[in-house]
Amino acid sequence: MTASIPIRPPCPPGVCDCGRDALLQTPGSDLRILCLNRQEEKRLLERLENIQSLDELQRLQQRMYENLGIRLSVEPGYNEVRTMRGIAIEFQEQPGLCRKIRQSIPTAIRRGLEKRPEIAWRLLDAHDLFRDA
1 MTASIPIRPP CPPGVCDCGR DALLQTPGSD LRILCLNRQE EKRLLERLEN IQSLDELQRL
61 QQRMYENLGI RLSVEPGYNE VRTMRGIAIE FQEQPGLCRK IRQSIPTAIR RGLEKRPEIA
121 WRLLDAHDLF RDA
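1 is the number of the first residue of the sequence shown in the UniProt record's numbering; add one for each residue after it.
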């Protein structure tokens, strides 16, 4: 007898557009994202809020892709960056990615960047924003 992987409970009807049911019904689909339950989500958000370096943020991005299939990009916005809201944090379209998670992860990353602004400076520098300075 094989143990089934515990998956996240469904969102309330009409509140979310994650496509959880369609994902579950599609044979051969990647169900890793559904393993992100509330407890694991809290742990992830806590780690994102307490990042210590740009390297750690990039490792967390890689781990989110490896473990959950979440592709996340964190880079300077198209226009100028005056506050942490100018940092563009975007998800690649993925079925099963809950609306709440799409909001809470960028918020946690911005909080982490506000706690340690040197990470934001390194992010800007990594994207060659200071090339003419």
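Glycine included, every Cβ here is placed at the ideal spot set by N, Cα and C.
Starting from the Cα of residue 88, find the closest Cα among 106, 9 and 28 and give me that residue.
-> 106
Look up residue 117 in the DSSP assignment and say whether it is helix, strand or coil.
-> helix
From residue 108 to residue 30, what does the alpha carbon distance come to, in whole angstroms?
-> 25 Å
Runs of beta strand (DSSP E) wholly within the stretch 59-97 (minimum 3 residues, chain order) = 72-76 and 87-91
Is the stretch 91-107 close to the stretch 15-25, with three or more CB pairs under 8 Å?
-> yes
Reference residue 44, options 112, 77 and 24, closest by Cα = 112
By how many angstroms is the C-alpha of residue 70 removed from the C-alpha of residue 92?
-> 7 Å
Would you decide whether residue 96 is buried or exposed? Buried here means 16 or more other CB atoms lie within 10 Å of its CB.
-> buried
Would you mind working out which of 58, 59, 90 and 10 sits nearest residue 36, comparing C-alpha positions?
-> 10
Taking residue 119 as the reference, which of 48, 63, 68 and 27 has the closest Cα?
-> 48
Rounded separation between residue 50 and residue 122 - CA only | 16 Å
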